[in-house]
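Trainee: In UniProt numbering, the protein residues as written are 1 to 353. Glycine residues also receive a C-beta, built at the ideal position from the N, C-alpha and C atoms. The structure under discussion is supplied below as structure tokens; questions concerning it will follow.
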């Protein structure tokens with residue numbers, strides 16, 4: 001390009017997504033630093049830049065690659081759940097995690113943990129994984145929780161070694177680590193055997209209940225006004241973001257590992273640890289890793305999340321809504337005057353909750 005450059009066009013996409021999934025940014029004037037906001041920690045991006053001349057002519061695209069560093073936070077529930085957490089990833093309904101345990105009359109107990117073949121749904125993208133298993137040892141009568149994961153930094157799926165961690169931090173603090181679910185193995189009494197587990201479908205890498213608010217959290221229903229999440233029924237219309245209303249297509253009480261997220265002003269939301277919350281950057285970030293992000297709270301405006309506290313298993317309400325995937329957001333909170341934008345985390349179009 002021989003004409004003087006007056007600005008630059010910049011676009012980017014996550015490596016591995018559809019080649020047409022480019023996000024075009026506003027023009028950057030020549031001589032100004034190019035800063036790209038809203039990128040997700042732990043993901044690799046393809047970035048393209050081209051010069052724009054005063055006469056409107058444009059150069060060829062120049063390719064760059066950038067992996068956004070994961071930000072380590074303190075606390076058992078404050079590290080990225082997986083490399084695609086901010087896209088609210090979910091496991092297909094047919095995906096199961098089970099175990100079979102035996103305890104001999106003498107010696108150590110053992111258990112084989114098995115993960116079925118399954119699919120990870122990230123928005124409209126589906127990644128298939130083969131079945132896997134691992135064996136652990138323990139003591140008769142003891143219960144141990146293991147956090148399962150695959151290491152798959154390129155999100156290619158296929159056969160992966162089943163990883164086991166003793167806490168959520170170790171299952172999360174490596175770039176490209178895909179969380180499966182926690183499973184509690186109950187080693188049976190000496191001389192006996194036992195089994196357990198089940199579907200993890202609908203969960204975003206942290207359990208089978210899916211991404212859900214606490215049953216006693218508050219929502220706004222178009223006809224009934226302020227109601228508890230446990231009172232939500234199919235056919236209800238819940239207040240969504242920007243004053244819209246979203247139709248409820250599924251509402252069931254389930255048990256799930258949960259956290260409380262809290263803002264600097266003390267406003268709180270209790271929900272499953274894999275509940276995707278919409279941030280002001282436009283990303284869906286799982287509740288377990290929300291500390292340090294900012295969220296627009298209905299009633300007060302933008303507030304930073306300063307604390308995430310692990311609660312263990314509680315009753316949550318699994319709510320799914322109709323509409324385009326990005327629009328399935330309803331407002332919910334522990335206080336009906338201060339509501340958080342919560343994605344319903346229904347899987348992909350055409351699937352069950």
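For residue 311, report the span of its beta strand (DSSP E) as first-last.
Mentor: Per DSSP, residue 311 belongs to the beta strand (DSSP E) from 301-321.
Trainee: Measuring only the C-alpha atoms, how far is residue 47 from residue 273?
Mentor: 32 Å
Trainee: Taking C-alpha atoms, which residue in 145, 17, 137 and 157 lies nearest to residue 313?
Mentor: Closest option to residue 313, judged by alpha-carbon separation, among 145, 17, 137 and 157: 145.
Trainee: Tell me, please, which residues DSSP counts as bridged to residue 186.
Mentor: Residue pairing by DSSP places residue 186 opposite 143 in a beta bridge.
Trainee: To which residues of the same chain is residue 237 closer than 6 Å at the C-beta, ignoring the five residues directly before and after it?
Mentor: 222, 245 and 247
Trainee: Answer with buried or exposed for residue 163, where buried requires no fewer than 16 other C-beta atoms within 10 angstroms of its C-beta.
Mentor: Flag for residue 163 reads buried.
Trainee: For the region 294-308 against the region 177-194, are there 3 or more C-beta pairs whose distance is under 8 Å?
Mentor: Note that the region 294-308 does not touch the region 177-194; fewer than 3 beta-carbon pairs, one per stretch, sit closer than 8 Å.
Trainee: Between which two residues does the beta strand (DSSP E) holding residue 329 run?
Mentor: 329-335
Trainee: What's the call for residue 251, buried or exposed, on a 16-neighbour Cβ count within 10 Å?
Mentor: buried
Trainee: So, with DSSP's three-state summary, where would you put residue 242?
Mentor: helix
Trainee: Take the Cβ of residue 29 as the centre, count every other Cβ of all protein chains shown within 10 Å, and call the residue buried at 16 or more, exposed below.
Mentor: exposed
Trainee: Could you give the first and the last residue of the continuous beta strand (DSSP E) run that contains residue 44?
Mentor: 44-53
Trainee: Decide yes or no for the touch test of the region 223-234 against the region 135-143: beta carbon pairs closer than 8 Å, at least 3 of them.
Mentor: no
Trainee: Go ahead and label residue 86 buried or exposed: buried means 16 or more other beta carbons lie within 10 angstroms of its beta carbon, across all protein chains shown.
Mentor: The predicted position of residue 86 is uncertain, since its pLDDT is 37 and thus under 50; a value taken from the coordinates is nonetheless stated next. The residue in question, residue 86, is buried, as its Cβ has 16 or more Cβ neighbours within 10 Å.
Trainee: Report all residues from its chain with a CB closer than 7 Å to the CB of residue 11; omit the five preceding and five following residues, and keep chain order.
Mentor: 22, 23, 24, 25 and 48
Trainee: So what does DSSP say about residue 13, is it helix, strand or coil?
Mentor: DSSP places residue 13 within a strand segment (E or B) once states are collapsed to three.
Trainee: Between residue 102 and residue 118, how many whole angstroms is the CB-CB distance? I'm expecting something under 8 Å.
Mentor: Residue 102 to residue 118, Cβ: 26 Å. No contact.
Trainee: In whole angstroms, give me the CA-to-CA distance for residue 317 and residue 52.
Mentor: 51 Å
Trainee: Let me know the secondary structure DSSP gives residue 423 once reduced to three states.
Mentor: Outside the modelled stretch of the chain, which goes from 1 to 353, sits residue 423, for which no answer is possible.
Trainee: Should residue 234 go down as buried or exposed, given a rule of 16 or more other Cβ atoms within 10 Å for buried?
Mentor: exposed
Trainee: On the CB-based measure, 16 or more other CB atoms within 10 Å of its CB, does residue 115 come out buried or exposed?
Mentor: The C-beta of residue 115 has 16 or more other C-beta atoms within 10 Å across all chains shown, which makes the residue buried.
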